[in-house]
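Have a look at the structure below before the remarks.
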Amino acid sequence: MLIYLQKIGPPSPDYYDVLIFNTGHWWGYDKFPKETPLVFYHAGQPILPPLGLFDGFKVVLESMVSYIEREIPRKTLKFWRLQSPRHFYGGDWNQNGSCLLNEPLKEHELDLWFDPSNNGVNKEARKINHMIEETLQGTDIRLLDLTHLSEFRADAHPAIWLGKKDAVAIWGQDCMHWCLPGVPDTWVDIFSGLMHNSM
């Protein structure tokens with residue numbers, strides 16, 4: 001995979017009033033197997049030996065933020081949305097993980113699920129979010145932190161709400177995406193408020 005940050009495709013960067021950046025769930029160990037490491041580039045040259053997941057993410061993140069600060073006009077509202085949590089239990093998405101929960105998590109349960117020191121299923125998201133927060137300090141890119149409020153909602157994924165008795169057996173567990181209407185509507189409300197207060 002190569003990422004080139006020389007320019008944003010048409011129209012030109014000064015066309016946009018609002019830009020939202022995010023990483024999605026692409027920065028997880030299952031996407032970057034050690035047997036076939038990604039090669040990251042700096043100034044057109046490969047960085048060797050290949051970088052690990054988080055060091056590679058830092059290179060990409062710093063390049064993107066530098067590009068945004070240099071090329072996107074200050075008048076453009078810029079947001080970086082942190083990762084949303086996943087709620088797989090007993091294994092990840094490709095290891096028979098499940099999320100058959102029908103009520104939100106309690107505050108005291110969150111670190112058991114998500115804290116990197118507890119090897120939580122969503123540990124890389126917290127670490128990546130922390131790296132994003134650090135990198136954005138001193139920039140005009142605003143943080144759109146939807147992670148913590150969403151961590152509680154283990155009950156809001158499609159896994160148990162598909163409407164069929166054997167839905168889980170047929171389609172497996174979806175503990176990453178969200179039911180609609182639901183948690184994403186709250187994200188939109190928060191984002192709308194931030195935009196309104198920024199104008």
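By full-length UniProt numbering, the letter at position 135 of the sequence shown is numbered 135, and the numbering carries on one by one without gaps.
A virtual CB, placed ideally from N, CA and C, is assigned to each residue, including glycine.
Note that the structure is a prediction, hence the values are computed from the model and not measured.
Using C-beta distances below 8 Å, list every residue in its chain close to residue i, excluding the 5 sequence neighbours before and after it, in chain order.
i: V65; result: T135, L136, T139 and I141
i: K127; result: F54 and P116
i: C179; result: A156, H157, P158 and W161
i: N94; result: D30
i: L194; result: F79, R142 and L144
Output needed for residue i: all residues of its chain with C-beta closer than 7 Å, excluding positions within five of it in sequence on either side, in chain order.
i: N129; result: L82, Q83 and T147
i: G91; result: G97
i: W80; result: F21, N22, I132, L136, I141, L143 and L144
i: P50; result: P37, L38 and V39
For the alpha helix (DSSP H) that residue i lies in, which residues bound it at each end?
i: I68; result: L53 to E71
i: F191; result: V183 to S198
Taking the alpha carbon of residue i as the reference point, which residue from the options has its own alpha carbon closest?
i: P72; options: D30, L19, H157 and G44; result: In the sequence under discussion, the amino acid at residue 72 is Ile, which differs from the Pro named in the question. Residue L19 is the option with its Cα nearest to I72.
i: W26; options: Q95, W113 and F57; result: F57
i: C99; options: W187, A156 and S198; result: A156
i: K31; options: M195, W178 and E124; result: E124
i: T76; options: L149, Y15, L48 and D185; result: Y15
i: A43; options: L101, T36 and Y67; result: Y67
i: L38; options: L194, G52 and S12; result: G52
i: G182; options: F88, S150 and G28; result: S150
Is it buried or exposed, residue i, if we count other Cβ atoms within 10 angstroms and call 16 or more buried?
i: K34; result: exposed
i: K78; result: buried
i: L112; result: exposed
i: R86; result: buried
i: N122; result: buried
i: S198; result: exposed
i: H196; result: exposed
Starting from residue i, trace the beta strand (DSSP E) both ways and give me its first and last residue.
i: V18; result: V18 to N22
Apart from the five residues on each side of it in sequence, which residues of its chain come closer than 6 Å, Cβ to Cβ, to residue i?
i: L105; result: F152 and A154
i: V59; result: F40
i: I47; result: F40
Uninterrupted beta strand (DSSP E) stretches inside the segment 82-159 (no shorter than 3 residues): 141-144, all fully within the segment 82-159.
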